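Student: Going by the working numbering, 64 is the number at position 56 of the sequence shown; the sequence numbering is gapless.
Let me give you the structure first, and then I'll get to my questions.
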Amino acid sequence: MQKIIAYLNKYSIIINSICIAFWLFVIYSNYQTAKLGNSFEERKVFLIVPIIFIFLSLFNMYMVQKRKKQV
Numbered sequence: 009m010q011k012i013i014a015y016l017n018k019y020s021i022i023i024n025s026i027c028i029a030f031w032l033f034v035i036y037s038n039y040q041t042a043k044l045g046n047s048f049e050e051r052k053v054f055l056i057v058p059i060i061f062i063f064l065s066l067f068n069m070y071m072v073q074k075r076k077k078q079v
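The structure is reproduced here in structure tokens:
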């Protein structure tokens, strides 16, 4: 368990950056699908979940930087 936590701490910025890129891709693809189908009002609810995960990843990146400064 210690090795897993050490690995996640070491590469957390990269992992969170990849997650942010993935969720931005999901938002973009949902937007393009809604734009083609003229159903943006119906599909804008599906944009909330990726935005929440983006903010969660940003918060995790902030906490990693804060922990690194303390050590």
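Glycine included, each C-beta is placed from N, C-alpha and C at the ideal position.
A quick note: this is a predicted structure, and the numbers were derived from the prediction, not measured.
Please state whether DSSP places asparagine 68 in a helix, a strand or coil.
Tutor: helix
Student: Hey, how far is the Cα of isoleucine 56 from the Cα of lysine 43?
Tutor: Roughly 17 Å separates the two Cα atoms.
Student: Under 8 Å by Cβ, that's how I've got valine 72 and serine 20 pegged, so tell me the actual separation to the nearest angstrom.
Tutor: Confirmed, Cβ separation roughly 5 Å.
Student: Mind checking serine 65: buried by the 16 CB within 10 Å criterion, or exposed?
Tutor: buried
Student: Could you check what DSSP says for asparagine 46 in three-state terms: helix, strand or coil?
Tutor: coil
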